[in-house]
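>
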Amino acid sequence: MKKTLLFVVLVVATFGSMAQTTLQKNFQNPPKSAKPVVWWHWVGSNVTREGITKDLEWMQRVGIGGFQAFDVSIGGGQTVEKKVKFMTPEWLELIKHTAAEADRLGLEMTMVTAAGWSETGGTWVKPLEAMKKIVWSRTQLRGGEKLSSPLPLPPTVAGPIRNLPKGASFGGSNSKSEPFYQDQIVLAYKTPEAELTVATPKITNHKGENVTPDALLDDDLTSKITLETPKQDEPVYLQFEYEKPFTARSFSLALGDPARFPSRTMRAGYVQFSEDGKNYKTLLALPGPQHDIRALPVRTFSFPEVTAKYFRVVFVKGATMTTVGGPDDVGGFGGPTTAPKSFDITEAIFYSGARVHRWEDKAAFAPMFAFESLKTPNTGQNTVIKGDEIIDITSFMKPDGTLDWTAPSYNSPIGTERRAGQGAWTILRIGQSLTGAKNGPAMPEATGYEVDKFNKTHLLSHLNQWSNPIAEAMGPLYGKSMKYFLVDSYEADAQNWTETMLPEFKKRRGYDPTKYLPVLAGFVVESAEVSDRFLWDFRLTIAELLVDNHYAAITEYAHQKGIKTYGEVAGISMPIIEDALRNKASVDIPMGEFGMTQGLGSGADKEWTSPADLELQKPYAGASDRLHAHQSDVREAASAGHIYGKKVVAAEAWTGGGYEAPAALKFIGDYWLTQGINQVIFHTSAHQPLDTKPGNTMVGTHFNRNITWAEQAKPFVDYLTRTQYLLQEGRFVADIAYYLGEDIPAAVPYWEKLRNEAPAGYDYDFVNTEILQRFEVENGELVLPSGMRYKLLVLPERTTMTPQVLAKIEELLKKGAIIVGPKPEKSPSLVGYPAVDNEVATKATELWGMADGKFIFQSPYGKGKVFWNAPLQGILGQLNLKKDVDYTLPHTNTRLSWMHRKTSEADYYFVLNMRNQAEDMEVVFRVAGKVPELWRADKGVAEAVAYKIENGLTTVKLHFDPQESYFIVFEKNASQNEMAVSERKVKDSQRIMGNWTLSFPENWGAPAQVTLPELTSWTNHPDEGVQFFSGTATYTKEIDIKKAQLAPNSSLWLDLGEVKDIAEVRLNGVVLDTLWKAPYRVNLSSVAKVGKNKLEIRVTNQWDNRLAGDAKLPADKKLLKVSGGIRLGGAPKPKTSGLLGPVVLEVR
């Protein structure tokens, strides 16, 4: 933008000048439904009846709309003498009291669906009802033989895969799980010839020391060896030397100590081979942890066969992500604070036989993305299991595991070397065992198995045993004041089996999966292509089971009880095989999550560094960048709300902070409100059983009745309520719909930057396959039943598409849609294979026409057009679609974040200055014919602004204070295309100089009064009582006001400059305002008088200063009463506090 408008802004309260619209009335006095909500944690069974009442009365007093109740084991600060244990009569009585108080105070009550925060489980969940994984044992025998002993029992240990035991999880239970196993099926198949060649290598480490091979080659994930941690430019390695050249086709690696959080480790490196032990070539890269902090420590890599005498597995220094945000195992939630000196290896095996590439991830033992880039390489027929040679021999196995079956004889080479050796038939005894997931973090008496997420019967059993006692205790209040269930983030780890999996798969995919089950153990059946396709179908089935039999079933159950649901389902970057948008759509109010420690002021617009090639990348540089992960999660929740027609999109808000000022909360909250959230849920307002300070805390930003600014919270809460009201009205305006595709997991990508990213000035949503099928086309726009409209649809960068989706693409093109994306080549599914591939390729060639993405980038079809490899900016230009928001750049780093919503009568934009600096800019909105107004949510007032309408756009000149936000509302019809207004400038200013008297309350360590010759932070004062003071202190000063400063047609303002953190201003004993954000400015005109005036400024800071002071004192001298630990995310440090100034009188 280069044009300049020569007009400025006049601050005018426009509400009330004429009949108000509904939008205006409700903005000034929002409905209860627009209020923010809090998470309310009962911590460590420390609960009191009196504390409940005081908590809820405080919430109601400051404008909170409701609370979501948890019973958790972590946190601290207050301890009561008599604990109230989960589900006891005393606990249920307090739940009833809570519901009654919520009803009395008009608060919305929600309860989470288990003790802890994740996810759905309890002591009543039996092993058979718990989360399960597929397990197997493998037995080999010769043709004509019959086993005399029982088939080996598959692993019974609870854990993520095979016999790997479950480790700890953040805040979760470490209690041991009982062994459990249940048979599912027994299969026999002719052993592929390549499997019969097995050799035992000599293994040495990088120091030349011999390594006993048993721990690495025994198929046991609990035996291990240890290597020292690699240093910069000092890799470590294992060398495998075979007696004679060995042909390898795959390699399995397992790392990590399962007892550590989050119980999984992966290291970066590479695998090499050599013919002489001196000259090595790289065979494959070990990508390290990649994107996922919860990745499985077991991976199998497949490659075109290579024959060599020497192989080497090299580990290099790099992120291992065993902790959140901590490279090399350092820091994060519950992790070590220094890098370990060594790491464990539990398996390192080179196989002569074929394996499915990364089968552990593909078979849903852990999540992975971009599976198309992880194709299994083609392999010879002597390496694969023939599907028509697989026999179901389940009926021949007796209850004790003995097999009454003789293997048929056939001509085949029989190996005699280690492991090969007992014949040409392989028997897989397949069953299910537990993952070991338990609900948490919960008290021991409340901790039990997480319920099976794929079995509705088991889920309903859990819900009944959890909710029926609560419903009985509440009586008629259940469904009245108790209005919602909450399903928090999925932190139960992966599940890939249930006892009904086989019939469920057949019902949903249309074919019997039995002969493909060896693929779930990593073996290749028929071909690499067939095996990968079966796993694609398997993951799709899992995703469907999760939403149909778990999330949607919870909402169905709740509705039968007259209750609705909130849900993060599944939550930020969670290890889950899902259709994320269907999950979030399955609850009444979808949720995202955003944190407190994300550096938004300097980094919200930085480039996300994540190579597209996930397989060969260096350790993912962005893995610890939680901002991008939160961005994806919030956009996912918002998209679900938009496309499925849900009015409210909530968020777990400000996770991971400590004691924070409302101004800091506002800026971060504002950003996420521009990203699609329209109801914040404070994380967290821990229950305060006592009145002792600083109160009870839980992990998160502390917002409760015992924080220093508890009774000054209402202005901030009111600001949120007004903002949320407008953002809940109307519909979101977006131009671009990104289709997530059919691959599962189907989630908004948090592991990489969005490809074909929306140009600045345009907004977007994500859609899934279910929503794609609901699209219609009207006047060239893609339209949904929810009311959402988009100008174009962007396909994922995939070469596969099912014929059902391709048919829908054809329908949309015929009707006039604009489609952007590559031409599909084949189907990803085994359904209809191989004929279906020709069907897809033929139809795609018809639709994409001459477009090849290299020389020709677009092609018409029907009334629409398809683009391939064309930048979105150019496509939008062809459509003559102007930016929805554009603005000048007064500074090189100027940036606005914004959200556009539309009602039948109005368009309005929530705009936020992303920089901690004032900005004066011209902002252009894609609206014409309406008068823009500036609406301020902190005061509920409107201001007239100068504007100019031309070429279908409206240009407005705006001033932003640092990190300021407001609404620009287009509601009234414009009678003219341009309006210039005058600004009320500062006519005169006077800096207030001289001494200030600063008074402190008694018994908080500070002197009763000090005199300040100049304004400075309390932390700079020589008296430690002032340095470490927390609470509210009062500045007093007599100021002289001249007659000229109170002249007619002028107003007198007091600008406090910088304040840390909240200031209540009184003049002559009259409370004028509570100032909680910049600019800290108040109008004195109504109470100021000529002559002497008494000015009082009551400033409140945070508890950090007193906590830091107490940390230096012996226990009997501490001023704060803390038990169980305060959650601050580190040692308390004094924060800049007080009135910093400069304080200035301004005549305007």
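Numbered according to my numbering, the sequence shown spans residues 10 to 1157. Every residue gets a Cβ at the ideal spot worked out from N, C-alpha and C, and that includes glycine.
Classify Gln684 as buried or exposed, calling it buried when 16 or more other Cβ atoms lie within 10 Å of its own Cβ.
buried
> Does DSSP put Ser42 in a helix, a strand or coil?
helix
> Do you know how far the Cα of Thr550 is from the Cα of Pro837?
C-alpha separation (whole angstroms): 14 Å.
> Could you have a look at Tyr493 and say whether DSSP puts it in helix, strand or coil?
Strand.
> Within the stretch 178-260, note down every full alpha helix (DSSP H) run reaching 4 residues or more, in order along the chain.
223-226
> Would you call Val1080 buried or exposed, if buried means 16 or more other Cβ atoms sit within 10 Å of its Cβ?
exposed
> Please identify the residue among Val1156, Pro1022, Trp1013 whose C-alpha is closest to the C-alpha of Lys1126.
Trp1013
> Could you round the C-beta distance between Thr808 and Glu834 to whole angstroms and report it? I think they count as a contact, below 8 Å.
5 Å
> Going by the CB atoms, is the gap between Glu738 and Arg910 shorter than 8 Å?
Contact check for Arg910 against Glu738 passes: the beta carbons are separated by less than 8 Å.
> Can you name the start and end residues of the beta strand (DSSP E) that Glu790 belongs to?
790-792
> Could you pull the DSSP bridge partners for Pro869 from this structure?
Lys874
> Determine the extent of the beta strand (DSSP E) in which Met96 is found, giving its start and end residues.
Neither: Met96 is in no beta strand (DSSP E) and is coded neither H nor E.
> Can you tell me whether Leu1081 is helix, strand or coil according to DSSP?
Residue state, collapsed to three classes: strand.
> Could I get the ranges of all uninterrupted alpha helix (DSSP H) runs contained in the stretch 536-610, with 4 residues as the minimum, in chain order?
537-555, 561-569, 589-594
> DSSP has Ala263 in a bridge; who is on the other side?
Val307, Glu356
> Of the choices Asp229, Lys1052, Leu1065, whose alpha-carbon is the least far from that of Ala1097?
Lys1052
> Hey, how far is the Cα of Glu624 from the Cα of Ser595?
Confidence in Glu624 is poor, its pLDDT being 30 and thus under 50, which makes the residue's placement unreliable; the coordinate value appears in the next sentence. Answer to the nearest angstrom: the Cα atoms are 33 Å apart.
> Using a threshold of 8 Å, state whether the C-beta atoms of Met605 and Ile83 are closer than that.
no
> With which residues is Trp1112 paired in a DSSP beta bridge?
Trp1112 is not bridged to any residue.
> Just to confirm the assignment, what range does the beta strand (DSSP E) spanning Gln441 have?
434-443
> Measure the beta-carbon distance from Pro1160 to Lys1086 and round it to whole angstroms, keeping in mind my assumption that it falls under 8 Å.
Absent from the structure is residue 1160, since the part of the chain shown begins at 10 and ends at 1157.
> What three-state label does DSSP hand Gln684 in the structure shown?
Residue state, collapsed to three classes: coil.
> Quickly, what does DSSP pair Ser351 with across the bridge? List them, please.
Glu237
> Alpha carbon to alpha carbon, how far is Thr903 from Leu468?
51 Å
> What number of angstroms, rounded off, separates the C-alpha of Leu967 from the C-alpha of Ala951?
Taking the straight line joining both Cα atoms gives about 14 Å.
> Do Lys524 and Gly389 come within 8 Å of each other at the CB atom, strictly closer than that value?
Taking 8 Å as the Cβ cut-off, Gly389 and Lys524 do not qualify as a contacting pair.
> What's the C-alpha gap between Pro463 and Thr415?
The residue asked about is misnamed: residue 463 is Phe in this sequence, not Pro. For Phe463 and Thr415, the distance between alpha carbons rounds to 36 Å.
> Do the CB positions of Ile6 and Gln721 come within less than 8 Å of each other?
Residue coverage of the chain in this structure runs from 10 to 1157, which leaves residue 6 outside it and unanswerable.
> Going by DSSP, which residues form a beta bridge with His50?
Phe79
> What do you reckon, are the CB atoms on Asp1177 and Phe95 nearer than 8 Å?
As displayed, the chain neither begins before 10 nor continues past 1157, which places residue 1177 out of reach and without an answer.
> Taking only the alpha-carbon atoms, compute the straight-line gap between Ile402 and Ala197 and give it to the nearest angstrom.
7 Å
> Looking at the unbroken alpha helix (DSSP H) that takes in Asp846, where does it start and where does it end?
Looking at the DSSP string, the run of the alpha helix (DSSP H) that includes Asp846 is 844-857.
> According to DSSP, what are the bridge partners of Leu749?
Note: Leu749 sits in no beta bridge, so no partner.
> With distance defined between alpha-carbon atoms, name the residue in Ala78, Val89, Leu32 nearest to Lys1130.
The closest CA to that of Lys1130, considering only Ala78, Val89, Leu32, is found on Val89.
> Is the beta carbon of Ala853 sitting closer than 8 Å to the one on Leu815?
yes
> Quick one, are the C-beta atoms of Leu804 and Ile828 less than 8 Å apart?
yes
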